[in-house]
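S.K.: Before I ask anything, let me first share the structure, which is written out below as structure tokens.
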Amino acid sequence: MSRVALVTGGTRGIGAAISIALKGAGYRVAANYAGNEEKAQAFSDVTGIPVFKWDVSDYASCAAGAATIEEALGPVEVLVNNAGITRDAMFHKMTPSQWNEVVNVNLNGLFNMTHPVWSGMRDRNFGRVVNISSINGQKGQMGQANYSASKAGDIGFTKALAQEGAAKGITVNAICPGYIGTEMVRAVPEKVLNERIIPQIPVGRLGEPEEVARCVVFLASDDAGFITGSTLSANGGQFFV
Ligand code: NDP
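Terminal number for the sequence shown in the numbering used here: 244, no gaps in between.
Next up, the structure:
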């Protein structure tokens with residue numbers, strides 16, 4: 004029987020590409036989303052991937068969501084923590100709620116979603132956790148103190164958990180995408196994209212969501228069993244660590 008993969012925020016943008024790529028690689032995929040019913044339903048209709056609504060910033064909802072998927076599809080063996088948000092502001096104007104919302108989804112969401120499936124992965128001596136961090140968690144970004152802190156936290160979480168999972172056949176890795184051509188990025192005015200953003204990217208273009216998705220498929224595979232605690236940069240050469 005094929006493995007079950009759960010992708011948080013798996014109905015739009017990078018997450019949708021990850022869900023589709025994992026399905027293409029033979030996984031039974033469940034895609035979570037927060038509340039955009041129209042997009043989630045359209046995604047499910049087109050791909051045949053079942054979608055499940057809950058908020059990753061709420062622990063009880065994540066535990067219930069994981070239980071629902073395990074009952075419907077079987078144990079979650081691959082978890083992709085992809086759901087993420089931005090609430091950008093310069094720090095002197097940033098409100099406590101802008102800080103808390105971002106940290107609650109982007110960082111606490113990783114605890115909330117990984118914890119309910121972790122014991123099962125340990126019991127079965129197999130698991131793959133892939134966390135979608137960001138280039139801005141590696142280098143910092145002005146106007147994104149909240150986002151950069153949360154995404155840097157994702158990397159620390161990845162490194163610590165990798166050490167705990169290693170003896171139990173569980174790998175935990177992070178991917179740090181740079182500028183990816185999702186709806187959000189493509190909505191930036193063309194002039195800004197062409198004159199300010201793309202010139203920062205040595206390969207001379209935005210990344211494609213599918214390019215991040217292929218990294219996930221590799222890290223989820225048996226072939227990647229010796230890779231854990233790593234941070235994979237997918238940023239067109241924009242930043243090296
Ligand atoms: P999108 O905004 O296109 O999609 C976000 C997805 O996450 C949607 O499915 C959304 O559900 C879901 N989501 C948002 N909040 C929650 C929540 N609280 N609980 C459950 N699901 C939630 O995001 P991107 O594809 O642009 O980004 C995906 C990930 O990649 C994020 O972690 C982001 O930080 C990271 N990233 C993105 C980059 C880029 O260039 N786009 C660059 C670097 C990193 P719904 O549709 O219901 O709102």
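A virtual CB, placed ideally from N, CA and C, is assigned to each residue, including glycine.
Would you kindly work out how many angstroms separate the C-alpha atoms of Met124 and Val79, rounded to a whole number?
M.R.: Numbered from 1 along the sequence shown, position 121 holds the residue referred to as residue 124. Numbered from 1 along the sequence shown, position 76 holds the residue referred to as residue 79. Spanning the two alpha carbons is a distance of roughly 8 Å.
S.K.: In chain order, what residues of the same chain lie with their CB nearer than 7 Å to the CB of Met116, ignoring the 5 residues before and after it?
M.R.: As a first step, residue 116 is located in the sequence shown; it is residue number 113 there, counting from the start. For Met116, where only same-chain residues beyond five positions count, the Cβ hits under 7 Å are Thr11, Val59, Cys65, Leu82, Asn84.
S.K.: Please tell me whether Ala24 and Val220 are closer than 9 Å, where the distance is taken between their beta carbons.
M.R.: Here residue 24 refers to the residue found at position 21 when the sequence shown is read from its first residue. Here residue 220 refers to the residue found at position 217 when the sequence shown is read from its first residue. Yes, these two residues count as a Cβ contact at 9 Å.
S.K.: Please list the segments of the beta strand (DSSP E) lying wholly inside the segment 129-184, counting only runs of 3 or more residues, in order along the chain.
M.R.: 130-135, 173-180
S.K.: For Pro53 versus Ala33, is the C-beta spacing smaller than 9 Å?
M.R.: One-based indexing of the sequence shown puts residue 53 at position 50. One-based indexing of the sequence shown puts residue 33 at position 30. Taking 9 Å as the Cβ cut-off, Pro53 and Ala33 qualify as a contacting pair.
S.K.: Identify every residue that forms a DSSP beta bridge with Lys56.
M.R.: One-based indexing of the sequence shown puts residue 56 at position 53. Answer is Tyr36.
S.K.: Mapping the DSSP letters down to three states, classify Val83 as helix, strand or coil.
M.R.: In the sequence shown, residue 83 corresponds to position 80, counting from 1. If DSSP states are grouped into helix, strand and coil, Val83 belongs with the strands.
S.K.: Please report how far the alpha carbon of Tyr36 lies from the alpha carbon of Ile21, in whole angstroms.
M.R.: To locate residue 36, count along the sequence shown from 1; it is residue 33. To locate residue 21, count along the sequence shown from 1; it is residue 18. Straight-line Cα distance between these residues: approximately 13 Å.
S.K.: Give a yes or no on whether the C-beta atoms belonging to Gly87 and Val106 are separated by under 9 Å.
M.R.: Position 84 of the sequence shown, counted from the first residue, corresponds to residue 87. Position 103 of the sequence shown, counted from the first residue, corresponds to residue 106. Cβ atoms of Gly87 and Val106: not closer than 9 Å.
S.K.: Is Gly210 helix, strand or coil by DSSP?
M.R.: Counting from 1 along the sequence shown, the entry for residue 210 is found at position 207. Correct three-state label for Gly210: strand.
S.K.: Quick one, which of Pro202, Ala170, Asn139 has its alpha-carbon nearest Glu243's?
M.R.: Stepping through the sequence shown from its first residue, residue 243 is reached at position 240. First, the amino acid is wrong: residue 243 is Phe here, not Glu. Of the candidates Pro202, Ala170, Asn139, the one whose C-alpha sits nearest the C-alpha of Phe243 is Asn139.
S.K.: Please classify Arg31: does DSSP put it in a helix, a strand, or coil?
M.R.: Locating residue 31 in the sequence shown gives position 28, where the first residue counts as 1. Note: Arg31 maps to strand in three-state DSSP.
S.K.: Trp57: beta carbon under 8 Å from a heavy atom of ligand 1?
M.R.: Numbered from its first residue, the sequence shown carries residue 57 at position 54. Flag set: Cβ of Trp57 near ligand 1.
S.K.: Leaving out five residues before and five after Gly29 in sequence, what residues of the same chain have Cβ atoms less than 7 Å from its Cβ?
M.R.: Along the sequence shown, read from residue 1 onward, the residue named residue 29 stands at position 26. Excluding sequence neighbours, Gly29 sits near Ser5.
S.K.: Does the contact criterion of 3 or more C-beta pairs under 8 Å hold for the segment 143-155 versus the segment 200-208?
M.R.: no
S.K.: Indicate, with yes or no, if ligand 1 has a heavy atom lying under 8 Å from the CB of Thr14.
M.R.: Position 11 of the sequence shown holds residue 14. The answer is yes for Thr14.
S.K.: With respect to the beta strand (DSSP E) encompassing Val7, which residues constitute its N-terminal and C-terminal limits?
M.R.: Translated into positions along the sequence shown, residue 7 becomes position 4. Taken as a continuous stretch (DSSP letters only), the beta strand (DSSP E) holding Val7 covers 7-10.
S.K.: Based on the DSSP output, what are the partners of Leu235 in its beta bridges?
M.R.: What you label residue 235 is simply residue 232 of the sequence shown in a count that begins at 1. BP columns for Leu235 point to Ile178.
S.K.: Looking at the structure shown, is Ile21 part of a helix, part of a strand, or coil, going by DSSP?
M.R.: Numbered from its first residue, the sequence shown carries residue 21 at position 18. Three-state DSSP puts Ile21 in a helix.
S.K.: Expressed to the nearest angstrom, what Euclidean distance is found between the alpha-carbon atoms of Ala152 and Arg199?
M.R.: Residue numbering aside, residue 152 sits at position 149 when the sequence shown is read from its first letter. Residue numbering aside, residue 199 sits at position 196 when the sequence shown is read from its first letter. Their backbone Cα atoms lie some 24 Å apart in a straight line.
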